Amino acid sequence: MVDISKVRAIDIHTHAEEPCGCHADDGYDDLQSTMASYFGAPWSHPPTIHQTAAHYREQNIAAVIFPVDAERETGYRRYNNDEVYEAVSENSDVLIQFASIDPWKGKMAVREAKRLMRDYGVKGFKFHPTMQGFFANDRMAYPFYEAIAEEGGIALFHTGQTGVGSGMPGGNGMRLKYSNPMYMDDVAVDFPELKIILAHPSFPWQEEALAVAQHKPNVYIDLSGWSPKYFPEILVKYCNSILKKKVLFGSDWPMITPERWLSDFEKIAIKDHLREDIIKGNAARLLGLE
Numbered sequence: 001m002v003d004i005s006k007v008r009a010i011d012i013h014t015h016a017e018e019p020c021g022c023h024a025d026d027g028y029d030d031l032q033s034t035m036a037s038y039f040g041a042p043w044s045h046p047p048t049i050h051q052t053a054a055h056y057r058e059q060n061i062a063a064v065i066f067p068v069d070a071e072r073e074t075g076y077r078r079y080n081n082d083e084v085y086e087a088v089s090e091n092s093d094v095l096i097q098f099a100s101i102d103p104w105k106g107k108m109a110v111r112e113a114k115r116l117m118r119d120y121g122v123k124g125f126k127f128h129p130t131m132q133g134f135f136a137n138d139r140m141a142y143p144f145y146e147a148i149a150e151e152g153g154i155a156l157f158h159t160g161q162t163g164v165g166s167g168m169p170g171g172n173g174m175r176l177k178y179s180n181p182m183y184m185d186d187v188a189v190d191f192p193e194l195k196i197i198l199a200h201p202s203f204p205w206q207e208e209a210l211a212v213a214q215h216k217p218n219v220y221i222d223l224s225g226w227s228p229k230y231f232p233e234i235l236v237k238y239c240n241s242i243l244k245k246k247v248l249f250g251s252d253w254p255m256i257t258p259e260r261w262l263s264d265f266e267k268i269a270i271k272d273h274l275r276e277d278i279i280k281g282n283a284a285r286l287l288g289l290e
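Numbering of the sequence shown is given in UniProt numbering, commencing with residue 1 and proceeding in unit increments.
Listed below in structure tokens is the structure:
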């Protein structure tokens with residue numbers, strides 16, 4: 001288990017990319033290499049979970065890590081959640097597992113989610129509406145959300161446009177409309193006990209994300225996928241005021257390294273007494289680690 005008293009930060013948003021990134025025939029390698037170029041990431045092939053753990057251990061940072069299951073919409077093979085668990089359990093001093101199940105899998109998704117939470121203690125699930133091809137308020141996903149809420153889990157939703165598919169023909173078939181954070185507002189209303197994280201500065205819907213997080217007590221925002229130096233002014237203003245307890249450090253590793261994000265965060269106009277909560281305390285409370 002992660003000892004939060006010994007780490008300097010908690011990264012709420014990192015990706016497990018192996019072995020789903022080892023199949024050239026399904027196109028996932030092309031997506032990853034294009035994204036690496038877009039972000040200027042320092043690798044030619046995504047790091048393994050063990051390599052990720054080593055990097056975070058060296059940086060003295062804990063990390064929430066998850067795969068993305070989008071098999072139906074993209075054809076990319078998923079990284080099986082049980083395999084992720086095996087690797088994460090060997091690195092539980094720095095890694096915390098979330099899982100991912102394509103919500104289009106219906107009753108299969110619900111059954112798997114319950115098993116992962118009850119047998120493995122999985123704390124949350126990553127949803128990627130753009131890659132999975134669904135609106136968050138589509139009722140087909142509601143039994144899945146209900147299962148997560150019943151176990152006290154967290155639903156983390158990709159929002160906005162962060163570079164995935166950017167520059168590829170047709171944006172690699174990914175439709176940005178699915179990731180407008182306003183669709184998650186319906187989920188927050190219909191599942192008031194479900195803890196929801198809106199991932200990323202939500203370009204071009206930043207104000208919508210801020211409004212949802214301010215209005216709904218169960219909604220948080222993670223700051224991953226962008227260097228803090230590019231944060232819009234209104235996001236920084238809300239971090240310093242009414243959302244100071246609801247914003248969370250996230251890097252979007254391996255596209256952005258946590259040390260790069262934290263270095264850039266030091267240079268923006270965040271009030272000094274709020275910095276520790278944003279990079280660690282808020283996440284620790286949300287994850288039940290305090």
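The C-beta atom is built at its ideal place from N, Cα and C for all residues, glycine as well.
Please read all numbers here as calculations on a predicted model, not as lab measurements.
Start and end residues, alpha helix (DSSP H) containing residue i
{"i": "Gln132", "result": "Pro129 to Gln132"}
{"i": "Asp190", "result": "Met182 to Asp190"}
{"i": "Lys237", "result": "Glu233 to Cys239"}
{"i": "Ala24", "result": "Here Ala24 belongs to no alpha helix (DSSP H), and DSSP marks it neither H nor E."}
{"i": "residue 325", "result": "Nothing in the structure corresponds to residue 325, since the chain is present only between 1 and 290."}
{"i": "Tyr145", "result": "Tyr142 to Glu150"}
Per-residue DSSP class, three states only, for residue i
{"i": "Thr52", "result": "helix"}
{"i": "Pro70", "result": "The amino acid at residue 70 is misidentified as Pro; the sequence shows Ala. If DSSP states are grouped into helix, strand and coil, Ala70 belongs with coil."}
{"i": "Gln97", "result": "strand"}
{"i": "Gly124", "result": "strand"}
{"i": "His215", "result": "helix"}
{"i": "Phe265", "result": "helix"}
{"i": "Thr257", "result": "coil"}
{"i": "His200", "result": "coil"}
{"i": "Ala41", "result": "coil"}
{"i": "Thr34", "result": "helix"}
{"i": "Asp3", "result": "coil"}
{"i": "Leu287", "result": "coil"}
{"i": "His15", "result": "strand"}
{"i": "Val88", "result": "helix"}
{"i": "Met248", "result": "Looking at the sequence shown, residue 248 is not Met but Leu. If DSSP states are grouped into helix, strand and coil, Leu248 belongs with the strands."}
{"i": "Leu243", "result": "coil"}
{"i": "Arg78", "result": "coil"}
{"i": "Gln161", "result": "coil"}
{"i": "Met117", "result": "helix"}
{"i": "Lys271", "result": "coil"}
{"i": "Pro46", "result": "coil"}
{"i": "Met168", "result": "coil"}
{"i": "Arg111", "result": "helix"}
{"i": "Ser179", "result": "helix"}
{"i": "Asp102", "result": "coil"}
{"i": "Gly173", "result": "helix"}
{"i": "Gly281", "result": "helix"}
Expected contact under 8 Å - CB spacing of residue i and residue j to nearest Å
{"i": "residue 291", "j": "Pro67", "result": "Residue coverage of the chain in this structure runs from 1 to 290, which leaves residue 291 outside it and unanswerable."}
{"i": "Gly21", "j": "Pro42", "result": "About 16 Å separates the two Cβ atoms, so there is no contact after all."}
{"i": "Gly170", "j": "Phe203", "result": "So it is not a contact: roughly 19 Å between Cβ atoms."}
{"i": "Gln214", "j": "Ile242", "result": "6 Å"}
{"i": "Thr74", "j": "Met1", "result": "Between Met1 and Thr74 the Cβ distance is about 34 Å, and since that is not below 8 Å, they are no contact."}
{"i": "Ile10", "j": "Ala284", "result": "6 Å"}
{"i": "Gly163", "j": "Tyr38", "result": "5 Å"}
{"i": "Asn240", "j": "Lys267", "result": "Rounded, the Cβ-Cβ distance is 15 Å, inconsistent with contact."}
{"i": "residue 291", "j": "Leu156", "result": "Outside the displayed range of the chain (1 to 290) lies residue 291, so it cannot be described from this structure."}
{"i": "Asn218", "j": "Pro192", "result": "6 Å"}
{"i": "Pro103", "j": "Ala141", "result": "4 Å"}
{"i": "Pro181", "j": "Leu235", "result": "Not a contact, Cβ separation roughly 13 Å."}
{"i": "Tyr145", "j": "Val187", "result": "6 Å"}
N-terminal and C-terminal residue of the beta strand (DSSP E) that residue i is part of
{"i": "Phe157", "result": "Ile154 to His158"}
DSSP beta-bridge partners of residue i
{"i": "Tyr220", "result": "Ile197"}
{"i": "Val64", "result": "Ile96"}
{"i": "Ala9", "result": "Ile61"}
Residue i CB to nearest heavy atom of the ligand COA below 7 Å
{"i": "Asp26", "result": "As for the ligand COA, it is missing from this structure, which has no ligand bound."}
Residue i at chain C interface by Cβ criterion, 8 Å
{"i": "Ser263", "result": "Going by chain labels, chain C is absent from the structure shown, which holds only one protein chain."}
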